[in-house]
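Visitor: Right, I'll just put the structure down here and ask away after.
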Amino acid sequence: MPEFKVVISDPESRNVKEVKVKVKAVDDVPSVEGEKEAKALPIAKISQKLKEQLNVDNLITLQVIRQEGDKKVKVKVHFTVQVDESAGDAVLISKSLAEKFGAEEFEAIAYRTKAFQLNVDQGKLNLMGLKIGDTFNLNINGVNLKLKITGGSDNSGFPMRPDISGAVKKKVLLAGPPGYYPVEDGGRRRKTIRGNTLTNDIVQVNCVIVR
Numbered sequence: 001m002p003e004f005k006v007v008i009s010d011p012e013s014r015n016v017k018e019v020k021v022k023v024k025a026v027d028d029v030p031s032v033e034g035e036k037e038a039k040a041l042p043i044a045k046i047s048q049k050l051k052e053q054l055n056v057d058n059l060i061t062l063q064v065i066r067q068e069g070d071k072k073v074k075v076k077v078h079f080t081v082q083v084d085e086s087a088g089d090a091v092l093i094s095k096s097l098a099e100k101f102g103a104e105e106f107e108a109i110a111y112r113t114k115a116f117q118l119n120v121d122q123g124k125l126n127l128m129g130l131k132i133g134d135t136f137n138l139n140i141n142g143v144n145l146k147l148k149i150t151g152g153s154d155n156s157g158f159p160m161r162p163d164i165s166g167a168v169k170k171k172v173l174l175a176g177p178p179g180y181y182p183v184e185d186g187g188r189r190r191k192t193i194r195g196n197t198l199t200n201d202i203v204q205v206n207c208v209i210v211r
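Dropping the structure here:
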């Protein structure tokens, strides 16, 4: 079955604290099947002290700036967190990610993850028939997330709208987003949109974490 992107945002991660940390790629942290294809999140081991310092729930982001030729490239990777006191002040990751960061030991900026996306096989996570506002559960490395659907888009980029019922695709007169952003106040335009119900044509599902 085809894949779709699940874009997940954490509404409690608006004002995150960024901390410079030392990162080590070690054999003790296993790689996760599918992490290279963005079908899964890799694992990071940190101490309870660092977890509290970052105000991390279950997800952490590591960010570095790499020099590639004449360009500086931002590398950002999202992880699920496991508490391991042997990590000390460092963040431990799998050696399979060393190539992405360009080293086995390096400094990075760590912070609570604001948003991330996963490529999910529709056969493994059947969301067909769910509507904007509905919730579902997604397990990532043993972390169970309750997610609420906030929107999505189809394979042509047409967005779902919560005020259009059903699994439909049609043109409607819009005064605002999603689907239309007026240049002037009061502007209206007829645009193609999707209804509020997920179908096989939806390729991206937007969600927020519910606690």
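When you line the sequence shown up against the numbering used here, it's residues 1 to 211, in that order.
No residue lacks a Cβ here, since even glycine has one placed at the ideal position from N, Cα and C.
The structure displayed is predicted, hence computed values, not measured ones.
1) Restricting to Cα atoms, I'd like to know which of 166, 116, 97, 5 is closest to residue 131.
2) For residue 29, which of 41, 20, 19 has the nearest alpha-carbon?
3) Tell me which same chain residues have a C-beta within less than 7 Å of the C-beta of residue 51, skipping the five on either side of it?
4) Would you decide whether residue 193 is buried or exposed? Buried here means 16 or more other CB atoms lie within 10 Å of its CB.
5) Near residue 26, what residues of its chain come up, given a Cβ to Cβ distance below 6 Å and the 5 sequence neighbours on each side ignored?
6) Return the chain-ordered list of same chain residues with a C-beta closer than 8 Å to the C-beta of residue 100, the five sequence neighbours on each side being excluded.
7) I'd like the ranges of any beta strand (DSSP E) spanning at least 3 consecutive residues and lying wholly in the stretch 38–115.
8) On the three-pair Cβ rule with 8 Å, is the stretch 47–64 touching the stretch 105–115?
9) Would residue 32 and residue 141 be called neighbours here (beta carbons separated by less than 9 Å)?
10) Do residue 135 and residue 210 have their CB atoms nearer than 9 Å?
11) With respect to the beta strand (DSSP E) encompassing residue 13, which residues constitute its N-terminal and C-terminal limits?
Guide: The structure says:
1) As a working note, residue 131 is residue 131 in the sequence shown. Ranking the options by Cα distance to residue 131, first place goes to 166.
2) Numbered from its first residue, the sequence shown carries residue 29 at position 29. 41 is the residue among 41, 20, 19 whose C-alpha sits nearest the C-alpha of residue 29.
3) As a working mapping, residue 51 is identified with position 51 in the sequence shown. 81, 83.
4) Counted from its first residue, the sequence shown places residue 193 at position 193. Residue 193 should be labelled buried.
5) Taking the sequence shown and counting its residues from 1, one reaches residue 26 at position 26. The residues are 92.
6) Numbered from 1 along the sequence shown, position 100 holds the residue referred to as residue 100. For residue 100, where only same-chain residues beyond five positions count, the Cβ hits under 8 Å are 75, 77.
7) Uninterrupted beta strand (DSSP E) stretches at least 3 residues long and entirely within the stretch 38–115 occur at 43–46, 59–68, 71–83, 90–94, 105–112, given in chain order.
8) With a cut-off of 8 Å, the stretch 105–115 and the stretch 47–64 count as touching, because enough Cβ pairs lie within range.
9) Working through the sequence shown from its first residue, we reach residue 32 at position 32. Working through the sequence shown from its first residue, we reach residue 141 at position 141. Cβ distance < 9 Å, so residue 32 and residue 141 count as in contact.
10) Translated into positions along the sequence shown, residue 135 becomes position 135. Translated into positions along the sequence shown, residue 210 becomes position 210. It is a contact, given that the beta carbons lie within the stated cut-off.
11) Reading the sequence shown from its first residue, position 13 is the one you call residue 13. Here residue 13 belongs to no beta strand (DSSP E), and DSSP marks it neither H nor E.
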